[in-house]
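Quick notes on the structure that follows.
There are 2 protein chains.
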Amino acid sequence: MQGTFYVVGVGPGDPGLMTLKAARILEKCDVWFAPSAFEHGESMALNIVSGEVSQKGKKILTHHFPMKPVHRDKEPDPEVNGAWQKAAKIIVDCLKAGSDVAFPTLGDPAIYSTGFYVWETLQKSGADIKVKIIPGVSAIGATSAAAELPLCLGDERLIVIPATFENGQMREVLAHSDTVVFMKVHKVMDKLVKLLDELGLVDNAVLVERTSLGDQKIWKNIRDTVGKDIHYFSTLLVRKQ
Amino acid sequence: MQGTFYVVGVGPGDPGLMTLKAARILEKCDVWFAPSAFEHGESMALNIVSGEVSQKGKKILTHHFPMKPVHRDKEPDPEVNGAWQKAAKIIVDCLKAGSDVAFPTLGDPAIYSTGFYVWETLQKSGADIKVKIIPGVSAIGATSAAAELPLCLGDERLIVIPATFENGQMREVLAHSDTVVFMKVHKVMDKLVKLLDELGLVDNAVLVERTSLGDQKIWKNIRDTVGKDIHYFSTLLVRKQ
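Read top to bottom, the protein sequences are chains A and B.
Quick note: my numbering has the first sequence finishing at residue 1249, numbered continuously throughout.
Quick note: my numbering has the second sequence finishing at residue 1249, numbered continuously throughout.
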């Protein structure tokens, strides 16, 4: 009998922020297919899982997904697409061999997760596969908790956006929402601080680096980040009220 | 010694979607202060917790918070504010008596949670209180998983908004984002279906009722919801691509 493929959100970093369901599914699956952002590097998702679930008896496959930007209206970079195709092939082979396969993914699969690209690649491959997506705690929720700032209350609107847009677009987004969460900020903090300062919003912003992890850092004055080397696993929250 | 107040996200409904950390904190706390949307009604958050953590030996206080709209730029309704003040007073008394108090809240505290209002009321009361916010799986993440549609990928932007705005504002929001999540939709589905149909987006929408629960219902054709009695615990996802 063919196995089931589980895309499992494992939360933002603290292994305790995995769900009971995620832990149970990982315990049950024979194969863990873990994404790694760096070639021959560790898998952050695998590290999270290993904090709570034993690797004993598991077949663990770590797969490198290049950290290159993907623009949804353009063809993906061949290297990126190649990694998805290769992953899909390996996963299908495991499923056909009768194994259940878990794909642990950082945070919540709903939000900028490689898991959904792999899922999409599997769908397009035409293979008849049973897939389940298990939601997880998102980095944006964990950032809100760490900063002690809600993302939305009452009739407020929330926008989540990668900080890789032109200033004009970011101004517009900031004008039209109560809270903006900027993802992928680590390389553009200097520019963001400048923009938020211009808009009088710099004191409404909090940056959380490595949210929920032991070395989590909360920057309540984001001016202090200027010129600093910020970890790529950082989220900026701008709350107007 | 004074106790700690924990605002604990318990996820969207399936008790298995509680985090390991949430379950451990609830096990540790003497007092559970559980919100109820209806007077003398059950607490959905308490039901979720009870699916995984024993109530044995716990002091359980269920507190009614009226489900009235809160507009962040206006003074809250006196009945709503009264419920926050009363809750804060009870919680402070328990903490002063040395108990740790857990406030289980549906989904993720970051997103439209009563927990943050209570937290805010406690902050304003001037009482010196140790508070921790524990993020949870959000209803929006669980809706994405159930609908098998990502909220954002690549360079996409996501907007989360209550569906209680004027059509003009909702049109604008739909024009300026890749995915829109509409919350609090159950009373306005007919109006939303009409608007999305006009904009050619009705086939890009999925409604999930009672996400992650045993009686979860996924409406892939939202035209079928017109004239129906939709559960108040429903989320609508509109994804353009």
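We treat Cβ as the ideally placed atom computed from N, Cα and C, and that holds for glycine.
Owing to the predicted nature of the structure, the values given are computational and were not obtained by experimental measurement.
Chain A contact for residue i (CB, 9 Å cutoff)
i                 : result
Thr1129 (chain B) : no
Asp1136 (chain B) : no
Tyr1240 (chain B) : no
Cys1037 (chain B) : no
Gln1249 (chain B) : yes
Arg1179 (chain B) : no
Arg1231 (chain B) : no
Ser1062 (chain B) : no
Val1196 (chain B) : no
Val1100 (chain B) : no
Thr1172 (chain B) : yes
Val1246 (chain B) : no
Gly1017 (chain B) : yes
Residues bridged to residue i [DSSP beta-bridge criterion]
i                 : result
Phe1190 (chain B) : B:Ile1169, B:Leu1244
Ala1183 (chain A) : According to DSSP, Ala1183 (chain A) bridges with nothing at all.
Thr1027 (chain B) : A:Thr1027
Gly1019 (chain B) : B:Gly1115
Val1214 (chain A) : A:Leu1245
Ile1226 (chain A) : A:Val1216
Val1039 (chain B) : B:Lys1067, B:Val1109
Thr1012 (chain A) : A:Lys1138
Contact check, residue i vs residue j, beta carbons under 9 Å
i                 : j                 : result
Asp1163 (chain B) : Val1078 (chain A) : yes
Val1109 (chain B) : Val1057 (chain B) : no
Leu1157 (chain B) : Val1214 (chain B) : yes
Gly1011 (chain B) : Lys1138 (chain B) : yes
Ile1167 (chain B) : Ile1226 (chain A) : no
Ile1148 (chain A) : Val1181 (chain A) : no
Ile1141 (chain A) : Ser1152 (chain B) : yes
Ala1171 (chain B) : Leu1244 (chain B) : yes
Gly1106 (chain B) : Met1178 (chain B) : no
Leu1034 (chain B) : Val1015 (chain B) : no
Beta carbon proximity, residue i to chain B, threshold 9 Å
i                 : result
Gly1176 (chain A) : no
Ser1220 (chain A) : yes
Asp1116 (chain A) : yes
His1079 (chain A) : yes
His1072 (chain A) : no
Val1126 (chain A) : no
Glu1156 (chain A) : yes
Ala1105 (chain A) : no
Glu1050 (chain A) : no
Chain-ordered chain B contacts of residue i [CB-CB under 7 Å]
i                 : result
Ser1146 (chain A) : Ser1146, Gly1149
Ile1142 (chain A) : Ala1153
Beta-carbon neighbours of residue i, restricted to chain A and to distances below 9 Å
i                 : result
Ile1226 (chain B) : The contacting residues do not exist; Ile1226 (chain B) stays about 13 Å from chain A at best.
Under 8 Å by beta carbon: chain B residues contacting residue i
i                 : result
Lys1029 (chain A) : Asp1022, Gly1024, Leu1025
Ile1169 (chain A) : Arg1165, Leu1166
Residue i: contacting residues in chain B (beta-carbon distance under 9 Å)
i                 : result
Ser1133 (chain A) : Under the 9 Å cutoff, chain B gives no residues; its nearest Cβ is about 16 Å from Ser1133 (chain A).
Ala1110 (chain A) : None at all; the shortest Cβ gap to chain B is about 14 Å.
Neighbour list for residue i in chain A, Cβ cutoff strictly below 7 Å
i                 : result
Tyr1120 (chain B) : Cys1160, Leu1161
Item to check | 3-residue-minimum beta strand (DSSP E) runs that sit fully inside the region 1042-1083 of chain B, ordered along the chain | outcome: Taken in chain order, the complete beta strand (DSSP E) segments of 3 residues or longer contained in the region 1042-1083 of chain B are 1067-1072.
Checklist entry - Considering only residues of the region 1108-1155 of chain B, which uninterrupted alpha helix (DSSP H) runs meet the minimum length of 4 residues and lie entirely inside it, listed in chain order? => result For the region 1108-1155 of chain B, whole alpha helix (DSSP H) runs of length 4 or above, ordered along the chain, are 1122-1132, 1147-1155.
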